[in-house]
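Colleague:
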Amino acid sequence: MKNENLELLASALRTAGGNFDIPTLDLILTIKELVDDKGIDISLGDIGTIRNEVASRYRSTEQ
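Position one of the sequence shown corresponds to residue 34 (the numbering used here), numbered consecutively onward.
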């Protein structure tokens with residue numbers, strides 16, 4: 034999901050009473066896509082890989 038859409042989603046969720054930052058939303062939605070693709074065949078390694086990718090993506094923009 035593009036960063037602009039994540040920002041809009043975060044704003045909409047804040048309006049509804051939720052408070053999620055952009056990296057957290059990105060992680061949730063990326064894992065959801067993986068679950069949709071792999072279903073029960075998802076592994077902890079898959080989740081760890083996505084976590085690391087999302088973390089590195091936002092770590093580089095924070096510095």
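Don't be surprised by glycine CBs; every beta carbon is placed ideally from N, CA and C.
DSSP three-state label for Lys71, please.
Modeller: helix
Colleague: Starting from Ala49, follow the alpha helix (DSSP H) in both directions and report where the run begins and ends.
Modeller: Premise fails: Ala49 is in no alpha helix (DSSP H) and is neither H nor E.
Colleague: From Asp79 to Ala49, what does the alpha carbon distance come to, in whole angstroms?
Modeller: 31 Å
Colleague: With DSSP run on the structure shown, which of helix, strand or coil describes Ser76?
Modeller: coil
Colleague: Report all residues from its chain with a CB closer than 6 Å to the CB of Tyr91; omit the five preceding and five following residues, and keep chain order.
Modeller: Pro56
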